[in-house]
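Notes follow the structure.
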Amino acid sequence: MRLYADHNATSPLRPEAREALLLALDAGGNASSVHGEGRAARRVLEDARELLARTLEVRADDVTFTSGATEALHMAMEAARSMGFSPVLVSAVEHDAVWAAAGVLWPQFETIPVSAGAMIDSHWLKERLAQLELGQKPLVIAQGANNETGTIQMLDKIATMARAAGGAMICDGVQMAGKIKSSSFTGLADWLVLSSHKIGGPPGAGALITLPGTPVINQRPGGGQERGARAGTENVPAIAGFAAAAAVACGDEAIDAYQSLTATERNAFELVLVRQVRVELIGQSVRRLANTSCVGMAGWEAARQVMALDLAGASISAGSACSSGKVKTSRVLAASGWVPAITRSAIRASFGWSTVPGDGQRLAELYLTAASRAGVTLHEKV
Ligand code: PLP
Numbered sequence: 009m010r011l012y013a014d015h016n017a018t019s020p021l022r023p024e025a026r027e028a029l030l031l032a033l034d035a036g037g038n039a040s041s042v043h044g045e046g047r048a049a050r051r052v053l054e055d056a057r058e059l060l061a062r063t064l065e066v067r068a069d070d071v072t073f074t075s076g077a078t079e080a081l082h083m084a085m086e087a088a089r090s091m092g093f094s095p096v097l098v099s100a101v102e103h104d105a106v107w108a109a110a111g112v113l114w115p116q117f118e119t120i121p122v123s124a125g126a127m128i129d130s131h132w133l134k135e136r137l138a139q140l141e142l143g144q145k146p147l148v149i150a151q152g153a154n155n156e157t158g159t160i161q162m163l164d165k166i167a168t169m170a171r172a173a174g175g176a177m178i179c180d181g182v183q184m185a186g187k188i189k190s191s192s193f194t195g196l197a198d199w200l201v202l203s204s205h206k207i208g209g210p211p212g213a214g215a216l217i218t219l220p221g222t223p224v225i226n227q228r229p230g231g232g233q234e235r236g237a238r239a240g241t242e243n244v245p246a247i248a249g250f251a252a253a254a255a256v257a258c259g260d261e262a263i264d265a266y267q268s269l270t271a272t273e274r275n276a277f278e279l280v281l282v283r284q285v286r287v288e289l290i291g292q293s294v295r296r297l298a299n300t301s302c303v304g305m306a307g308w309e310a311a312r313q314v315m316a317l318d319l320a321g322a323s324i325s326a327g328s329a330c331s332s333g334k335v336k337t338s339r340v341l342a343a344s345g346w347v348p349a350i351t352r353s354a355i356r357a358s359f360g361w362s363t364v365p366g367d368g369q370r371l372a373e374l375y376l377t378a379a380s381r382a383g384v385t386l387h388e389k390v
């Protein structure tokens, strides 16, 4: 039995999502067609929008479906760019989906520094916003939770500061959804982005959720799908699966159960490691997601750890999934001030809905066995 501890990369498909996906896939139809099949597909699409909106307690009119978070983030940034915000302040720990696009859209963007726990420096932000020139409208781009360390950012505070300065905010909420209660992150950012495959929905769907009145400006000419906001035939089966996954994952009771299950296993994993070897538990000093553990262990390169664990039957990740396979240090950890010995060795274990009791202990044992098999001399705890 393999042990899957890479939910922050992609969470396995939930049964409820699979059922909704297959139903819509079998039904077929193009949601833009006027015939019976088309109207049925449109109904599935609009039902999914209503369900997602109801689950998150937002307005269905403010939900635009996309192909995933990357596209939704780009749409938000493109809309913000066309509105002329300046300065553009981007947190140093944003995912590449934001970081790389921001560099293209605003070559002069300013970086908001972070603490050792990857926590966005709100004092820096406050001071920067206090220095705005007359007539400047700032844009703040800040994630809700970090994919590598699990750090939960102080969104409320950041959003309040951005608004008080007459600006706006884009929030990458990908890692918060299904992990913390949605009431703590909806209604704050002008543009909020979510991804289906991170909460147990199928890949290929995401959502851009705006505050009432915030524009979504279509940058790609084509069909007038999503009320003109996004051209391209909607992936109705994936969207139906996304909404079904959100309905089971994002309610308050589901979040309580998720946090209790994953924190128990995550803490067990970390406890075994801490007792036996010298590790750096990154983000431990700040509020972090219950499911995520980011462990730095100087002397064992992260990519090798991932391969050794894979051979041993467990799936973890080195930094972000998008960078695994390539041996590069973690930009997030480097920005958080960690030394190369740690940024090169840090791995992430992320538990989730399919985690079972005992997984944390088992993963730690597999990890220590794999290390000793690899001949790695781990620093004994003193
Ligand atoms: N933002 C964060 C924080 C992520 O973890 C990811 C996925 O790794 C993305 C954005 C991109 O999401 P998607 O795969 O839906 O484009």
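Counting in the numbering used here, the sequence shown runs from 9 upward without gaps.
Don't be surprised by glycine CBs; every beta carbon is placed ideally from N, CA and C.
Among the options, which one has its Cα closest to the Cα of residue i?
i, options, result
"A153", "L147, L196, S191, H103", "H103"
"L31", "V101, V112, A246, Y266", "A246"
"V347", "G143, S325, E288, V364", "E288"
"A326", "D318, V314, A254", "V314"
"Q369", "A271, W199, K189, V148", "A271"
"K336", "L317, L319, A311, D318", "A311"
"A379", "A349, L319, A100", "L319"
"W308", "S358, A68, L376, L269", "L376"
"G143", "P115, P95, E135", "P95"
"T72", "V364, K189, A239", "A239"
"M83", "T218, A252, V285", "T218"
"Q292", "A48, R286, T63, E278", "E278"
"D180", "P23, L113, R228, S99", "S99"
"V244", "L11, R10, G46, A138", "G46"
"A316", "V364, R381, A252, V294", "R381"
"Q116", "F93, I188, V285, S190", "F93"
"L269", "G383, V303, A255, V364", "V364"
"P121", "T168, I149, I350", "I149"
"A349", "L374, F359, M305", "M305"
"V112", "A138, V101, M85", "M85"
"N226", "A88, E273, D55", "A88"
"G175", "L137, C302, A61, A17", "L137"
"V303", "A253, S358, A251, A252", "S358"
"A17", "G221, W114, V182, R228", "V182"
If residue i and residue j are in contact, beta carbons under 8 Å, what's the gap, nearest whole angstrom?
i, j, result
"S323", "A13", "6 Å"
"M177", "I166", "7 Å"
"G76", "P223", "Actually they do not touch by this definition, with Cβ atoms about 21 Å apart."
"W361", "G208", "6 Å"
"L97", "L133", "7 Å"
"A105", "L140", "So it is not a contact: roughly 27 Å between Cβ atoms."
"P146", "A170", "7 Å"
"A28", "G249", "5 Å"
"A255", "L59", "6 Å"
"L11", "G321", "6 Å"
"T74", "L216", "6 Å"
"E65", "T194", "6 Å"
Quick one: using the 10 Å Cβ neighbour count with 16 as the cut-off for buried, is residue i buried or exposed?
i, result
"R283", "exposed"
"A372", "buried"
"R296", "buried"
"N299", "buried"
"G186", "buried"
"S332", "Per-residue confidence for S332 stands at a pLDDT of 48, beneath the threshold of 50, marking its modelled position as unreliable; the derived number appears in the next sentence. S332 should be labelled buried."
"R57", "buried"
"E242", "buried"
"H15", "buried"
"R67", "exposed"
"S19", "buried"
"D34", "exposed"
"D198", "buried"
"E135", "exposed"
"A108", "exposed"
"G44", "exposed"
"N275", "exposed"
"T385", "exposed"
"I290", "buried"
"D367", "buried"
"E118", "exposed"
"G36", "exposed"
"D69", "exposed"
"S191", "exposed"
For the ligand ADP, I want to know if residue i counts as a neighbour, meaning its beta carbon is within less than 7 Å of at least one of the ligand's heavy atoms.
i, result
"D180", "What this structure holds is the ligand PLP, not the ligand ADP."
| message | For the stretch 257-266 against the stretch 348-355, do three or more pairs of beta-carbon atoms, one drawn from each stretch, fall closer than 8 Å, so that the two count as touching? | response | With a cut-off of 8 Å on Cβ pairs, the stretch 257-266 is not in contact with the stretch 348-355, counting fewer than three such pairs.
| query | Is the stretch 161-172 touching the stretch 122-134, taking contact as three or more C-beta pairs under 8 Å? | reply | yes
| Length at least 3, wholly inside the stretch 64-119: the beta strand (DSSP E) runs in chain order | Fully enclosed beta strand (DSSP E) runs of 3 or longer: 71-74, 96-99.
| field | Inter-stretch contact (C-beta, 8 Å, three-pair minimum) for the stretch 189-208 and the stretch 27-43 | value | no
| query | Which runs of the beta strand (DSSP E) fall wholly inside the stretch 291-358 and span at least 3 residues, in chain order? | reply | 300-304, 355-358
| field | Contact the stretch 140-157 vs the stretch 335-343: 3+ CB pairs below 8 Å | value | yes
| What are the uninterrupted segments assigned as alpha helix (DSSP H) that are 4 or more residues long and contained completely in the stretch 206-257, given in chain order? | 244-257
| query | Which residue spans inside the stretch 254-285 form an unbroken alpha helix (DSSP H) run of at least 4? | reply | 260-284
| said: Quick test of the definition: if touching needs 3 or more C-beta pairs under 8 Å, does the stretch 231-251 touch the stretch 264-278? | reply: no
| query | If you scan the stretch 138-206 from start to end, which runs of the alpha helix (DSSP H) of 4 or more residues do you find wholly inside it? | reply | 163-172
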